[in-house]
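Taking it in order: structure first as structure tokens, then the write-up.
Residue numbers (this note's numbering): 5 to 192.
Okay, here's the thing in structure tokens:
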């Protein structure tokens with residue numbers, strides 16, 4: 005991984021600004037999280053998407069992260085909210101701890117830009133997604149208004165779309181929910 009998230013910044017992940025700009029329930033509806041679908045949230049962090057997803061499906065929601073503080077935080081939140089279908093797991097994007105075609109939905113929110121091997125990571129998403137499954141890829145984009153040097157850890161939306169298609173996924177998007185983010189919906 006190119007970088008890891010500092011767990012002392014948890015409040016940033018749960019900020020009112022983020023909830024207003026990127027409302028998890030709305031984005032999960034786009035992903036069609038409902039019924040009994042099984043969901044994988046890669047780089048789940050605080051459970052920003054995992055917690056609401058667990059209340060939207062009767063299936064299992066797998067919240068995967070590398071950071072022990074995040075795993076602990078999610079377990080506590082799930083217990084507080086009485087969610088019995090949320091499974092918190094340690095894992096990394098480059099080698100997801102799942103069999104082939106294991107889940108119906110995948111959330112890759114603000115995580116793909118930090119992988120050491122983007123092509124292999126997208127391949128892992130395609131590998132664990134069931135036929136007919138869907139993936140929501142939410143990423144940062146360069147802000148044309150920024151006057152500083154572009155960040156090296158941004159993935160151009162067209163590059164992301166091409167990689168998803170090369171992995172055998174059909175792509176919708178990109179969409180731009182904010183000036184700083186793009187999202188791509190892909191299906192297998």
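Glycine included, each C-beta is placed from N, C-alpha and C at the ideal position.
All values derive from a computational prediction rather than experimental measurement.
Query raised in the report: The alpha helix (DSSP H) spanning residue 55 covers which residue range?
Result: 54 to 60
Report task. Tell me whether residue 43 is buried or exposed, calling it buried when 16 or more other Cβ atoms sit within 10 Å of its Cβ. Result -> buried
**Report entry** Burial state of residue 153, where buried means 16 or more other Cβ atoms lie within 10 Å
**Finding:** Bear in mind that a pLDDT of 48 at residue 153, under 50, signals an unreliable position, so the number given afterwards is only what the model happens to contain. Counting Cβ neighbours within 10 Å, residue 153 comes out exposed, since fewer than 16 surround it.
Query raised in the report: Going by alpha carbons, who is nearest to residue 48 out of 96, 125, 124 and 167?
Result: 96
Query raised in the report: Since residue 28 is in the alpha helix (DSSP H), which residue starts that stretch and which ends it?
Result: 28 to 34
Query - Rounded straight-line distance, which links the Cα of residue 177 to that of residue 171 - result: 16 Å
Requested in this report: Measure the C-alpha to C-alpha separation of residue 151 and residue 136 and round it to an integer number of angstroms.
Outcome: Any reading at residue 151 needs caution, since the residue's pLDDT is 49, under 50, leaving its predicted position unreliable; the model's value is listed next. The straight-line gap from Cα to Cα measures roughly 42 Å.
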